[in-house]
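Just so you know, we're using my numbering here: the sequence shown kicks off at 442 and counts up by one. Glycine included, C-beta positions come from ideal geometry on N, C-alpha and C.
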Amino acid sequence: MGIRAKIAAFTGRAARWGGETFMHRTAGNIPGAIALKIDPLVLVDLAKSVDPIIVVSGTNGKTTTTNLIADCLATSGRRLVCNREGNNLQSGVVTALLAGPEAGKAQTASVSSGVSHAVGGSSSAHQETDATRGSAAVSGSAIPIACFECDELYTKFVLPRVKPRYFMLLNLFRDQLDRFGEIDRIQDVIAEALLKTPETIFIYNGDDPLCAAIADRVSNRSFAFGIKGDLGLSADRVSDSRFCQKCGGVLEYEYVHYDKLGAYRCKECGWGRPELKFAAENVRATAEGFVFDIDGHEVRTGQTGVYMVYNVLAAYAASKMSFLVEYDGFQKGVLAYRPTNGRLQVFDFGERSVMTNLAKNPTGFNQNIRIVLQEQGRVLALFVNDNDPDGHDVSWFWDIDFENWAHIEGLKAFVGGSRANDMQVRLKYAGIKAQIVDNVAQVMEATCAEDGRAYIIANYTALPEVRRELEKLHAEWESTGNVPWSEQVSNSIQDSQSDKAQNIVQDSNINEVSKGNQVSKEGN
């Protein structure tokens with residue numbers, strides 16, 4: 442590492458320490474941004490300290506899948522570097538490397554020395570030579586492994602500089618049109634990044650024709666994952682383009698899992714879904730989450746939503762390809778995964794609970810709609826902002842299948858955030874009456890008599906505030922000795938009314954004294 446890179450790394454680490462010590466908050470992208478300002482190529486040097494590197498990208502599910510992979514890899518006993526909080530720009534990756542390996546994540550199990558013990562057993566198609574295993578084969582567990590989430594547009598910076606062993610592409614959907622533009626722009630950026638890193642192995646969602654088209658454009662070794670078999674799900678009302686990426690013809694589907702993901706084939710030129718190297722079969726829903734079979738193993742997830750099958754499937758592919766995790770370790774990592782960043786996170790308030798989740802485009806919202814319908818939810822709150830990271834164009838509200846919620850009996854709906862009015866209008870046209878609220882507490886107070894689970898769905902910049910408020914409310918609830926929420930709200934309202942009445946009495950007394958003084962003055 443050159444002197445400039447050393448100065449950049451030192452300054453970035455100092456900024457991270459200062460933020461955590463004096464501001465008592467995570468550093469985010471700032472330390473990395475400072476380091477990159479001093480040395481724009483500092484990422485190249487920092488990336489040499491970890492091996493192998495896995496980079497995860499895609500429109501939906503990046504943070505969840507990255508954390509799933511990290512939890513699975515942690516069972517290998519290797520030290521781990523990861524940007525778990527979702528800081529997925531180049532500066533976020535630099536920040537993660539400056540922070541170094543996670544504390545307390547490595548397990549006591551040693552690294553498996555035999556490929557035959559890896560997840561799913563050995564496979565000649567996946568075996569790597571000692572040369573391709575790089576320095577990790579020489580140094581063993583001395584070198585940390587890394588798993589990074591990366592924004593789609595920033596792959597053109599991150600991939601050539603970290604040269605990952607594996608690049609995972611989860612899906613591509615319309616998202617923030619005023620920032621990303623049309624999807625073909627994202628495809629071009631990712632293809633360009635892969636062309637600059639020909640040694641990187643490309644693992645992609647074969648059920649997504651947009652991802653499969655990228656695999657056809659690059660020379661990288663590529664492997665597809667997907668769901669085999671019809672799940673019997675209804676198609677979304679509005680979906681992304683279902684046109685052939687080769688000839689422009691209309692794609693025909695044997696079955697669709699959601700949006701444009703499924704088994705497709707062009708009747709004009711014959712182009713279609715590639716062979717799935719990692720295929721989830723016999724997918725079924727349980728009370729605890731989805732279960733599916735792969736490579737002779739039964740995989741159990743702890744979360745609902747078909748997209749979680751894809752996320753777990755991607756984690757399985759990463760575990761198997763990396764030769765670092767046995768099946769038991771993989772399953773242990775999946776079941777140990779607990780959402781803590783607002784994605785599918787559950788806050789328990791005794792007789793009721795609140796689930797939060799991120800949705801920033803029509804596909805994400807539609808998947809949340811399915812979860813609510815599946816769990817028969819009756820309390821819904823949508824918080825949507827239009828800050829720069831969210832995108833200012835909210836026309837996509839009209840591509841969401843809110844009409845599927847309109848028939849829910851006893852539905853109570855709320856909207857908040859800077860675009861609450863727009864969302865309220867959209868729901869009105871879907872046949873849903875929604876109340877505008879300023880915060881989560883108002884939702885909880887308005888539904889204090891409801892039991893069961895409330896669902897709060899928020900977009901990118903709205904979710905952190907929702908999460909912080911729920912954490913505060915939960916801490917206050919615990920401080921009361923876990924008094925039922927309805928009783929706590931009732932007591933709060935009574936206290937508020939009592940305080941208000943007391944203030945009225947005090948004001949009345951003050952007025953009487955004032956009048957008395959005035960009479961006294963006039964008498965004199």
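Margin query: According to DSSP, simplified to helix, strand and coil, what is residue 460?
Written below: Three-state DSSP puts residue 460 in a helix.
Notebook entry, point to check: Which residues share a DSSP beta bridge with residue 760?
Noted result: Partner(s): none; residue 760 has no beta bridge.
Next item on the list: Locate the beta strand (DSSP E) running through residue 797, then write down its first and last residues.
Entry: Judged by DSSP secondary structure, residue 797 falls within the beta strand (DSSP E) whose first and last residues are 793-799.
Margin query: Given this structure, state the Cα-to-Cα distance separating residue 838 from residue 826, to the nearest angstrom.
Written below: About 12 Å.
Notebook entry, point to check: Measuring CB to CB, does residue 590 end up less than 8 Å from residue 497?
Noted result: Using a Cβ distance threshold of 8 Å, residue 590 and residue 497 count as a contacting pair.
Item checked: Whole-angstrom distance between residue 583 and residue 784, CA atom to CA atom -> Cα to Cα, the separation comes out at about 33 Å.
Check: In its own chain, which residues sit with a C-beta less than 7 Å from the C-beta of residue 879, not counting the 5 before and 5 after it?
Finding: Cβ-Cβ distances below 7 Å link residue 879 to 857 in the same chain, with the five nearest sequence neighbours on each side left out; the list follows chain order.
Check: Roughly how many angstroms separate the alpha carbons of residue 865 and residue 821, rounded to a whole number?
Finding: Cα to Cα, the separation comes out at about 12 Å.
Note to self: Spatial neighbours of residue 860 within its chain, please: C-beta separation below 7 Å, excluding the five flanking residues on both sides.
What the structure shows: Taken in chain order, the residues that qualify are 825, 826, 827 and 835.
Item checked: Residue range of the alpha helix (DSSP H) that includes residue 868 -> Residues 861-870.
Check: Alpha carbon to alpha carbon, how far is residue 829 from residue 902?
Finding: Near 9 Å, if we compare the C-alpha coordinates of residue 902 and residue 829.
Item checked: Delimiting residues of the beta strand (DSSP E) encompassing residue 609 -> First-last of the beta strand (DSSP E) with residue 609: 607-610.
Notebook entry, point to check: What are the residues that DSSP puts in a beta bridge with residue 725?
Noted result: Residue pairing of residue 725 in beta bridges, as defined by DSSP: 732.
Checklist line | Contact the stretch 799-809 vs the stretch 488-508: 3+ CB pairs below 8 Å | finding: The stretch 799-809 vs the stretch 488-508: in contact.
Item checked: Sequence-distant residues of its chain with Cβ nearer than 8 Å to residue 900 (five each side left out) -> 799, 800, 801, 824, 825, 826, 831 and 858, listed in sequence order.
Note to self: Can you tell me whether residue 685 is helix, strand or coil according to DSSP?
What the structure shows: Coil.
Notebook entry, point to check: What separation, rounded to the nearest whole angstrom, lies between the Cα atoms of residue 765 and residue 737?
Noted result: Approximately 19 Å, taken between the alpha carbons.
Check: Skipping 5 residues on each side, what residues in its chain have a beta carbon closer than 7 Å to that of residue 757?
Finding: For residue 757, where only same-chain residues beyond five positions count, the Cβ hits under 7 Å are 560, 719, 735, 740 and 771.
Note to self: Less than 8 Å between the beta carbons of residue 755 and residue 506, yes or no?
What the structure shows: Between residue 755 and residue 506, the gap from beta carbon to beta carbon is short of 8 Å.
Notebook entry, point to check: Taking the alpha-carbon positions, what's the residue 848 to residue 813 distance?
Noted result: Each residue's alpha carbon lies about 12 Å from the other.
Checklist line | Nonlocal neighbours in the same chain, by C-beta distance under 7 Å from residue 694, ignoring five residues either side | finding: Counting only Cβ-Cβ distances below 7 Å, and skipping sequence neighbours, we find 703, 704 and 705.
Next item on the list: Sort out for me which residues DSSP pairs residue 738 with in a bridge.
Entry: DSSP lists 735 as the beta-bridge partner residues of residue 738.
Notebook entry, point to check: residue 852 to residue 796, Cα distance in whole Å?
Noted result: In this structure, the straight-line span from the alpha carbon of residue 852 to that of residue 796 is close to 16 Å.
Margin query: For residue 450, count the other beta carbons within 10 Å of its own beta carbon; 16 or more makes it buried, fewer makes it exposed. Which is it?
Written below: Sixteen is the threshold: when 16 or more other Cβ atoms of the shown chains lie within 10 Å of the Cβ of residue 450, as they do, the residue is buried.
Next item on the list: Excluding the 5 residues preceding and the 5 following residue 633 in the sequence, name in chain order all residues of the same chain whose CB lies nearer than 8 Å to its CB.
Entry: If we look at residue 633 and ignore the five residues flanking it on each side, its Cβ neighbours are 597.
Note to self: Could you tell me the alpha carbon to alpha carbon distance between residue 474 and residue 484, rounded to whole angstroms?
What the structure shows: Straight across, the Cα-Cα distance linking residue 474 with residue 484 is about 11 Å.
Check: To the nearest angstrom, how far is it from the Cα of residue 715 to the Cα of residue 730?
Finding: Cα to Cα, the separation comes out at about 28 Å.
Check: Closest Cβ-Cβ distance between residue 699 and chain D: below 8 Å?
Finding: Protein chain content of the structure displayed is limited to a single chain, and chain D is not contained in it.
Notebook entry, point to check: Where DSSP assigns a beta bridge to residue 646, which residues make up the other side?
Noted result: Bridge partners of residue 646: 666.
Margin query: Extract the residue ranges of the alpha helix (DSSP H) inside the stretch 865-908, only unbroken runs of 4 or more that lie entirely within it.
Written below: Runs of the alpha helix (DSSP H) inside the stretch 865-908: 881-887.
Note to self: Which of the three DSSP states is assigned to residue 675 in this structure?
What the structure shows: Looking at residue 675 - three-state DSSP - the assignment turns out to be coil, as it is neither helix nor strand.
Checklist line | Distance between beta carbons of residue 746 and residue 808, contact taken as under 8 Å | finding: Between residue 808 and residue 746 the beta-carbon gap is near 6 Å, inside 8 Å, which marks them as a contact.
Next item on the list: Tell me where the beta strand (DSSP E) around residue 498 begins and ends.
Entry: Counting along the chain, the beta strand (DSSP E) containing residue 498 begins and ends at 494-498.
Next item on the list: Helix, strand or coil for residue 614, going by three-state DSSP, please let me know.
Entry: Assignment of residue 614 by DSSP, reduced to helix, strand and coil, places it in the coil class.
Next item on the list: Consult DSSP for residue 690 and reduce its assignment to one of helix, strand or coil.
Entry: Looking at residue 690 - three-state DSSP - the assignment turns out to be coil, as it is neither helix nor strand.
Notebook entry, point to check: Where does residue 513 sit, in a helix, a strand or coil, going by DSSP?
Noted result: Per DSSP, reduced to three states, the secondary structure at residue 513 is helical.
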